[in-house]
Amino acid sequence: MEVSPGQIYEDYINGKLDKISVIDQLISIIENSETANIRIKSLEILMMIGSRIELKDERTFTLFENLLISDSNTTVRNLAANGIRTLFLEKAFAPMKWAYQHETSIGCLTTIISTLGQLKQDEAKSFLIEIINKIENYQFRKSLKEFFENKGLQNLSNDILAEIVNNYMVIKYFIKKFSRINFKVEKGFVMELDLSCISSNLLGLKILKNLPEFISVLRCLTKLDLKINRITTLPTSIGSFYNLKYLDLSNNKLKTLPNSFGSLNSLQHLYLRYNNLKKIPSSICSLKTLKVLDLRHNKLISLPEDLTNLTSLEVLDLHGNKIDRLPETIKDLSSLQNLQLGLNNLRFLPDWMEDLKSLKILGLGANKSISNFHQSLGLLPSLVELDLYDNNIKELPDTIGLLTSLETLTLRNNQLTDLPRSFQNLKKLKKLNLSWNNFTRLPTWIGNLNSLEELNLWGNKLDSLPNSIGFLKSLKILNLNFNKYMKKLPESIKQLQNDGLVIFQ
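In terms of my numbering, the sequence shown opens at residue 1 and continues consecutively.
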């Protein structure tokens with residue numbers, strides 16, 4: 001009965017086998033087992049426990065070389081290539097050159113090229129330049145024009161040449177698999193890659209479900225667009241995009257994110273809306289350059305407690321989740337301007353929200369359980385836009401008048417019948433949505449809102465409008481649809497119509 005590599009490793013950990021015996025047994029399994037997973041596991045354990053001294057012999061080199069050249073499993077070949085790179089770099093050129101010329105797996109090819117890039121020999125440089133000279137893609141050749149014209153490739157180091165080759169091979173792979181992709185390349189390095197909406201093939205033949213590990217060779221990438229696909233998992237290697245500033249993973253099927261997200265030190269925009277995320281890793285909280293974090297329409301129940309380090313965050317969109325409590329460290333987000341909390345399970349607004357001095361946009365729609373609107377509404381005088389739709393609000397507090405910077409206010413689908421007199425202090429208000437409430441009349445002072453440009457009264461119970469509406473000289477749109485009791489409009493509104501007011505009725 002064949003002993004499993006797992007059992008061998010366990011015996012080693014428990015002191016039943018010495019390291020040399022373990023290495024001998026693992027090599028024997030690798031050479032004789034016909035099961036790929038057993039060979040893979042044996043190779044992984046071998047590289048994990050074997051030191052350079054104990055593995056650096058001709059037997060091991062021959063083993064890795066044979067696996068690289070002839071094993072039927074791509075993972076085994078890739079592990080063998082890594083083994084040669086780690087232990088036998090000085091002997092790597094010949095097997096790597098042969099493997100490159102016969103290999104078909106893109107994952108193995110990128111490992112092979114990376115290994116050639118670590119070599120210092122002139123023959124490795126010549127081989128890499130030979131590959132680059134055969135590049136056919138127009139965008140790549142154009143980006144390398146100055147090197148081709150001035151024989152500048154000779155002046156590049158082997159590792160840079162290898163990176164150029166790997167960048168080209170990855171793009172070539174995606175073009176072959178998906179046809180319709182967009183990318184931007186500079187001097188042989190892919191700077192932007194757009195793989196959005198490439199899984200829309202009706203026959204399901206071209207679907208992006210898993211982002212491959214080898215994409216990490218695109219080290220200069222600053223923008224990666226993967227929205228509207230069917231991605232379920234992300235590789236840990238995504239954390240190696242140290243130059244990435246923009247990442248869009250919206251409209252996929254992600255349930256979790258790798259902890260390596262915390263290594264994206266240059267990231268400024270992260271879009272994750274419309275996935276199936278139930279939590280986000282706390283490592284995201286270390287992204288000090290992040291400006292936009294869009295988590296709209298996921299399944300989040302809570303957020304990491306310590307958000308303090310997100311000092312550059314300007315937009316936090318949590319609309320459409322299942323959050324019932326906000327971490328207090330949100331108050332430390334000194335750059336936060338836009339906070340979207342609509343369609344969650346919030347029960348109250350915390351007092352510390354008044355500390356959000358930079359906040360300009362606040363979305364609180366469809367949080368019907370919030371009980372302290374009245375105490376909280378006046379705490380944010382810097383607000384420019386406030387969304388309170390679908391909250392069963394029966395009356396507004398007088399403190400609404402403290403929001404003197406407000407330009408857009410959405411109150412649709414509540415139970416309002418009147419507005420407090422302090423409302424007329426909103427002198428900067430441009431858009432007011434009062435649709436689907438229970439208004440039977442508007443206050444006469446409505447005419448004091450002289451900045452108002454759009455007034456939506458759709459779906460109320462109005463039978464008339466006050467004459468003072470004629471004072472709204474800036475009004476451009478007035479929506480009166482579904483006010484079945486409305487008989488006629490006041491004469492004062494005719495001049496507004498002459499000046500371009502559009503009325504929907």
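Backbone N, C-alpha and C define an ideal beta-carbon position, used for all residues, glycine too.
No experiment lies behind these values; they were computed from the predicted model shown.
field: Exposure of R59, with buried meaning 16 or more beta-carbon neighbours within 10 Å
entry: Label assigned to R59: exposed.
- prompt: What are the partner residues of N340, as DSSP defines its beta bridges?
  reply: According to the sequence shown, residue 340 is Gln rather than Asn. Paired residues: D317 and G363.
Where H269 falls: helix, strand or coil (DSSP): Reduced to three states, the DSSP call for H269 is strand.
task: Would you mind listing the alpha helix (DSSP H) stretches within the segment 102-182 that are 4+ residues and don't spill past its ends, in chain order?
output: Every unbroken stretch of the alpha helix (DSSP H) spanning 4 or more residues and falling wholly within the segment 102-182 is given here in chain order: 106-118, 122-133, 138-143, 145-149 and 158-178.
- prompt: Leaving out the 5 sequence neighbours to the left and right, which residues in its chain are closer than 6 angstroms to D11 when beta-carbon positions are compared?
  reply: The beta carbon of D11 lies closer than 6 angstroms to those of L17 in the same chain, with the five residues before and after it left out.
- prompt: Would you report the Cα separation of S143 and E136, rounded to the nearest angstrom?
  reply: Spanning the two alpha carbons is a distance of roughly 12 angstroms.
field: Per DSSP, cross-strand counterpart(s) of E192
entry: Residue pairing of E192 in beta bridges, as defined by DSSP: K184 and K223.
First through last residue of the alpha helix (DSSP H) which encompasses K431: Run containing K431: none in the alpha helix (DSSP H); it sits in the beta strand (DSSP E), K431 to N433.
task: Report buried or exposed for S42, applying the criterion of at least 16 other Cβ atoms within 10 angstroms of its Cβ.
output: By the 10 Å Cβ count, S42 comes out buried.
task: To the nearest angstrom, report how far apart Y485 and I493 are at their CA atoms.
output: Taking the straight line from one Cα to the other gives about 18 angstroms.
task: Look at the Cβ atom of N467, then the Cβ atom of P490, and state whether they are nearer than 7 angstroms.
output: Yes, these two residues count as a Cβ contact at 7 angstroms.
message: If the criterion is Cβ atoms closer than 7 angstroms, does the pair T230 and K209 meet it?
response: With the sequence shown as reference, residue 230 is identified as Arg, and Thr is not the correct amino acid for it. For R230 and K209, yes; Cβs fall inside 7 angstroms.
- request: Have a look at D324, L293, S302 and P304 and flag the residue whose alpha-carbon is nearest the alpha-carbon of V314.
  value: According to the sequence shown, residue 314 is Glu rather than Val. Closest option to E314, Cα to Cα, is L293.
- request: Within the same chain, show all residues whose beta-carbon is closer than 8 angstroms to that of K288, passing over the 5 residues directly before and after it, in chain order.
  value: Counting only Cβ-Cβ distances below 8 angstroms, and skipping sequence neighbours, we find N265, N309, L310, T311 and S312.
field: Check whether L429 and L411 have beta carbons under 7 angstroms apart
entry: No, the pair does not count as a contact, with Cβ atoms beyond the cut-off.
message: Can you look up D18 in the DSSP assignment and give me helix, strand or coil?
response: DSSP places D18 in coil when its eight states are reduced to three.
query: Name the DSSP bridge partner or partners of N210?
result: DSSP output for N210 lists T233 as bridge partner(s).
query: Buried or exposed: M96, going by 16 or more other Cβ atoms within 10 Å of its Cβ?
result: Burial call: buried.
message: Run through the DSSP bridge pairs and tell me what L293 is partnered with.
response: BP columns for L293 point to L270 and L316.
- prompt: So which of L300, F214 and S196 has the shortest CA-CA distance to K206?
  reply: The option with the nearest alpha carbon to K206 is S196.
- request: Assign A94 to one of two classes, buried (16 or more other C-beta atoms within 10 Å of its C-beta) or exposed (fewer than that).
  value: A94 counts as exposed, since fewer than 16 other C-beta atoms from the protein chains shown sit within 10 angstroms of its C-beta.
message: A162 and S114 - do their beta-carbons sit closer together than 7 angstroms?
response: Going by beta carbons, S114 and A162 fall inside the 7 angstroms limit.
task: Could you name each continuous alpha helix (DSSP H) segment of 4 residues or more that falls completely within the segment 51-89, going from the start of the chain to the end?
output: Counting whole runs of 4 or more residues, the segment 51-89 contains the alpha helix (DSSP H) stretches 52-55, 58-70 and 74-87.
- prompt: Which same chain residues, not among the five before or five after E454, have their C-beta less than 6 angstroms away from its C-beta?
  reply: A distance below 6 angstroms between beta-carbons, with the five flanking residues on each side excluded, links E454 to the following residues of its chain, in chain order: K431 and I477.
task: Determine, using beta carbons only, whether N167 and V190 come nearer to each other than 7 angstroms.
output: It is a contact, given that the beta carbons lie within the stated cut-off.
query: Do R39 and V76 have their C-beta atoms within less than 7 angstroms of each other?
result: For R39 and V76, yes; Cβs fall inside 7 angstroms.
- prompt: Based on Cα-Cα distance, which residue from Q340, L46 and I215 lies nearest to L386?
  reply: For the residues Q340, L46 and I215, the minimum Cα distance to L386 belongs to Q340.
message: Let me see if you follow: with CB-CB separation under 7 angstroms, is K360 close to chain B or not?
response: Among the protein chains of the structure shown there is no chain B, as only one such chain exists.
task: Return helix, strand or coil for E407, following the three-state DSSP convention.
output: In the structure shown, E407 falls within a coil segment according to DSSP collapsed to helix, strand and coil.
task: Taking all protein chains shown into account, decide if K473 is buried (16 or more other Cβ within 10 angstroms of its Cβ) or exposed.
output: By the 10 Å Cβ count, K473 comes out exposed.
task: Please report how far the alpha carbon of G447 lies from the alpha carbon of Q375, in whole angstroms.
output: Cα-Cα distance, rounded: 27 angstroms.
Local conformation of F504 per DSSP, three classes: In this structure, F504 counts as strand in the three-state DSSP scheme.
message: Relative to the C-alpha of T399, which candidate in E407, G459, L419 and H319 has its C-alpha closest?
response: Measuring from the Cα of T399, the nearest candidate turns out to be L419.
message: Can you tell me where the alpha helix (DSSP H) holding E10 begins and where it ends?
response: Secondary structure note for E10: its alpha helix (DSSP H) is the uninterrupted segment P5 to I13.
message: So, for R437: in the same chain, excluding its five sequence neighbours on each side, which residues have a beta-carbon less than 8 angstroms away from its beta-carbon?
response: Checking the sequence shown, residue 437 turns out to be Asn, not Arg. Once the five neighbours on either side are set aside, the close Cβ partners of N437 are L411, R412, N413, N414, Q415, L416, T417, G459 and N460.
field: Three-state secondary structure (DSSP) of N456
entry: N456: strand per DSSP, three-state reduction.
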